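S.K.: Number 190 marks the last residue of the sequence shown (my numbering); no jumps.
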Amino acid sequence: MRQTRLMRRLPMWAWLVGLFGLALVVSGAFLNDGSYRQAVTLQIGSVALLLVPIVFIERNIEKSLEEKIEDTVAIEQTARFEQLGEMWRDFGQALDKEKLPTVSPDRMLRMLGADGWRESRRTGGHVVVTKEDVRIAIPESFDELARGVVRGVMRKAGWHRERFDRLYESTAGGR
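(1) Out of R95, W30, G100, state which residue places its alpha-carbon closest to the alpha-carbon of F71.
(2) How far does the beta strand (DSSP E) with E134 in it extend, from its first residue to its last?
(3) What are the boundary residues of the beta strand (DSSP E) that includes L154?
(4) Excluding the five sequence neighbours on either side, which residues of its own chain have a C-beta within less than 7 angstroms of the C-beta of K114, listed in chain order?
(5) For the candidate residues G163, D130, E155, whose alpha-carbon lies nearest to that of R181?
(6) Could you check whether V164 and I151 sit closer than 8 angstroms to each other, using their CB atoms as the reference points?
(7) Taking DSSP as the reference, what is the three-state secondary structure of T186?
(8) Report the three-state DSSP secondary structure of L160 (helix, strand or coil).
(9) Can you tell me where the beta strand (DSSP E) with V41 in it begins and where it stops?
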């Protein structure tokens, strides 16, 4: 026998109770004498018939809650995977330390400018650039910035290696 979607949502005992209730209601309708037996038969049949939609609703609520829990778990797993991805990217950047190019202060300022950073002041041999209340100080007194300074600027600016490389390539020429 092929089961329909509705049949799969209810357990077999609920179907049997429903059929039993229907049989009681029908037989109570044929006992048309107004007796106590007719009243009890109709009441028990009605209660049995009411049980079927209650079980159906309970199963649907249970299924919805299971799906919601599965969605919540999936969201939490996605967040964990994103954190792992960020950790892996940071680990990759740590391994790429020797591969970072040296950058002149002037070129770093051009890269920051291309990313929307604005020079706010020059003080004590440093140029201070700002963007959304974040400040980065770039030393001007060196020909090339140390790789540690470049990594610090990348971290403070929120750049990953790919973004740094794109800005580095786009600012290849002078002013």
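We treat Cβ as the ideally placed atom computed from N, Cα and C, and that holds for glycine.
Since this is a predicted model, take the numbers as computed values, not measurements.
M.R.: Looking at the coordinates:
(1) W30
(2) Where E134 is concerned, the enclosing beta strand (DSSP E) stretches over 133-138.
(3) Note that residue 154 is Pro in the sequence shown here, rather than Leu. Note, P154: beta strand (DSSP E), 149-154.
(4) Hits under 7 angstroms: none found.
(5) The residue with the shortest Cα to Cα distance from R181 is D130.
(6) no
(7) coil
(8) Strand, per DSSP.
(9) That residue, V41, is in no beta strand (DSSP E); its alpha helix (DSSP H) goes 27-45.
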